[in-house]
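Take any residue in the sequence shown, note its place counting from 1, add 33, and you have its number in our numbering.
Quick reminder that beta carbons are idealized off the backbone N, C-alpha and C, glycines included.
Okay, so here's the structure we're looking at.
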Amino acid sequence: MSASPRAASATAEDRPAAESARAIEPATPRPDDPRTTTRLAVLLISGVALAGVSLLSLSQGSVTVSGGEVWTALFGSPQSVAAETTVGTTIVWTLRLPRLILAMLIGSSLALAGTVLQAILRNPLADPGIIGVSAGGGLVAVILLILFPHMTGWLPLGATLGGLGMALLIYGIAWKDGTVFPLRVILAGVALNTALASLMSLLMLLYSERVPAVLPWLAGTLSGRSWPQVGLLWPYACAAGLPVFFCARQLNLLLLGEEQAAALGLPVTLTRLGLSALAAGLAAGVVSVAGLIGFVGLVVPHMCRLLVGADHRFLLPTAALVGAGLVVTADLSARTLFAPLEIPVGLLLALLGAPYFLWILRRGL
Numbered sequence: 034m035s036a037s038p039r040a041a042s043a044t045a046e047d048r049p050a051a052e053s054a055r056a057i058e059p060a061t062p063r064p065d066d067p068r069t070t071t072r073l074a075v076l077l078i079s080g081v082a083l084a085g086v087s088l089l090s091l092s093q094g095s096v097t098v099s100g101g102e103v104w105t106a107l108f109g110s111p112q113s114v115a116a117e118t119t120v121g122t123t124i125v126w127t128l129r130l131p132r133l134i135l136a137m138l139i140g141s142s143l144a145l146a147g148t149v150l151q152a153i154l155r156n157p158l159a160d161p162g163i164i165g166v167s168a169g170g171g172l173v174a175v176i177l178l179i180l181f182p183h184m185t186g187w188l189p190l191g192a193t194l195g196g197l198g199m200a201l202l203i204y205g206i207a208w209k210d211g212t213v214f215p216l217r218v219i220l221a222g223v224a225l226n227t228a229l230a231s232l233m234s235l236l237m238l239l240y241s242e243r244v245p246a247v248l249p250w251l252a253g254t255l256s257g258r259s260w261p262q263v264g265l266l267w268p269y270a271c272a273a274g275l276p277v278f279f280c281a282r283q284l285n286l287l288l289l290g291e292e293q294a295a296a297l298g299l300p301v302t303l304t305r306l307g308l309s310a311l312a313a314g315l316a317a318g319v320v321s322v323a324g325l326i327g328f329v330g331l332v333v334p335h336m337c338r339l340l341v342g343a344d345h346r347f348l349l350p351t352a353a354l355v356g357a358g359l360v361v362t363a364d365l366s367a368r369t370l371f372a373p374l375e376i377p378v379g380l381l382l383a384l385l386g387a388p389y390f391l392w393i394l395r396r397g398l
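Shown next as structure tokens:
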């Protein structure tokens, strides 16, 4: 049994990871290396683009807020804000700013989780959903919303525990002889995700009159989210996201393959488990406050590899910025394209991500 996953690592699925591993840089980036300059330029442009779309998100919506009001709401002193309080500054501070912060945290969390999982599973189609976080959190949410509507206040905690519990179950199934095999993780994830999706469909069929309360959450939405949801998500983003940036070397070594990584002193199984826990924490935080938002963790890592290569010292921060910008842009579009109707941001991201997913398959990844 143990030979099968090892043999699978040499299949076409892993060719992109093996090829990208050859692009890994030395331990310290050289300032005179043109590739380093290009990558730093991409990081700068990504940051500027994120700032620009963020300001646009604060000013545009059903009510247009002037740049001066946005500036006052963001950077004005308490005295000036109190003296110049308008409808615009109130909208920015109480509605749009928390939603913007939430979109940035969601995008960066999912992008980082996807980048980590694609490296440790050595599969370019891996995303946070493959380890069961979305399905586990989704099932708990459906149970609470349909069977126990009086307990919806427990939904964030329940979705988090459901997602983390399912990730733990998948890794338990994949564990054999002291090793976690990536192929077993993927197969177990696909099987359990399918089973949980069927259970969710069965519950919605049996309690069809309560389905309208469930659909927005399953579609992934930021509607109605404000500062309390920011308070729920930022601990996940910080506790699980910040350590990821210090694991670039380990992720680079994993791209070389298990044997070479182990020969270079990396505890492969322990590293995979630790990084998987961080990815699960990032995804679980998103599920707990916004529902099921897909494709960000799949699409963004590939976009960023095209821009900066496979070196995770540059790939991780680029993915965080691009992921944040993508979700902020999608949320702005969801609010304004068909105003006053608001599209769930997860639905819009799926519509945009599906063609890219098909393009990946077309390339044979």
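message: According to DSSP, simplified to helix, strand and coil, what is V213?
response: Within the sequence shown, numbered from 1, the residue matching residue 213 stands at position 180. It is a strand residue.
query: Where V149 and V120 are concerned, what is the direct C-alpha to C-alpha distance, given to the nearest angstrom?
result: Numbered from 1 along the sequence shown, position 116 holds the residue referred to as residue 149. Numbered from 1 along the sequence shown, position 87 holds the residue referred to as residue 120. Those two C-alpha atoms are separated by around 42 Å.
query: When DSSP builds the beta bridges, which residues end up paired with W208?
result: Indexing the sequence shown from 1 puts residue 208 at position 175. Beta-bridge pairing links W208 to V213.
message: Applying the 10 Å Cβ sphere with the 16-neighbour rule, what's the burial state of A224?
response: Within the sequence shown, residue 224 is the residue found at index 191, counting from 1. A224 is exposed by the Cβ-count criterion.
- prompt: The alpha helix (DSSP H) spanning Q93 covers which residue range?
  reply: Within the sequence shown, numbered from 1, the residue matching residue 93 stands at position 60. That residue, Q93, is in no alpha helix (DSSP H); it is neither H nor E in DSSP.
message: Using 8 Å as the cut-off, can you tell me whether the stretch 319-334 makes contact with the stretch 151-164, which would need three or more C-beta pairs spanning the two stretches below that distance?
response: Between the stretch 319-334 and the stretch 151-164 there are three or more C-beta pairs closer than 8 Å, enough to call the two in contact.
- prompt: Beta carbon of A363, beta carbon of L381: below 7 Å?
  reply: In the sequence shown, counting from the first residue as 1, residue 363 sits at position 330. In the sequence shown, counting from the first residue as 1, residue 381 sits at position 348. Cβ atoms of A363 and L381: closer than 7 Å.
- prompt: What residues in its chain sit with their C-beta under 8 Å from that of A51, if we drop five residues either side in the sequence?
  reply: Within the sequence shown, residue 51 is the residue found at index 18, counting from 1. Per-residue confidence for A51 stands at a pLDDT of 45, beneath the threshold of 50, marking its modelled position as unreliable; no derived number is given.
query: Three-state secondary structure (DSSP) at Y240?
result: Taking the first residue of the sequence shown as 1, we reach residue 240 at position 207. It is coil, neither helix nor strand.
- prompt: Which class does P300 belong to by DSSP, given the choice of helix, strand or coil?
  reply: Counted from its first residue, the sequence shown places residue 300 at position 267. Residue state, collapsed to three classes: coil.
- prompt: Is there contact between the stretch 153-165 and the stretch 309-323, where contact requires at least three CB pairs shorter than 8 Å?
  reply: yes
message: Taking the straight line between their C-alpha atoms, what separation do you get for R217 and V301?
response: In the sequence shown, residue 217 corresponds to position 184, counting from 1. In the sequence shown, residue 301 corresponds to position 268, counting from 1. Taking the straight line from one Cα to the other gives about 16 Å.
- prompt: Going by alpha carbons, who is nearest to M137 out of T105, G101 and G85?
  reply: What you label residue 137 is simply residue 104 of the sequence shown in a count that begins at 1. Cα-wise, what sits closest to M137 is G85.
message: Would you call the stretch 338-345 in contact with the stretch 122-131, where contact means no fewer than 3 C-beta pairs closer than 8 Å?
response: no
Cβ-based neighbour list, L83, same chain, cut-off 6 Å, excluding 5 preceding and 5 following: The sequence position of residue 83 within the sequence shown is 50, counting from 1. Sequence-distant Cβ neighbours of L83 in its own chain, meaning closer than 6 Å and more than five residues away, are L354, A357 and G358.
field: Counted within 10 angstroms of its Cβ, other Cβ atoms place H183 as buried (16 or more) or exposed
entry: As a working note, residue 183 is residue 150 in the sequence shown. With fewer than 16 other Cβ atoms within 10 Å, it is exposed.
task: Scan the stretch 157-181 and note each continuous alpha helix (DSSP H) run of 4 residues or more that stays entirely inside, going in chain order.
output: 166-180
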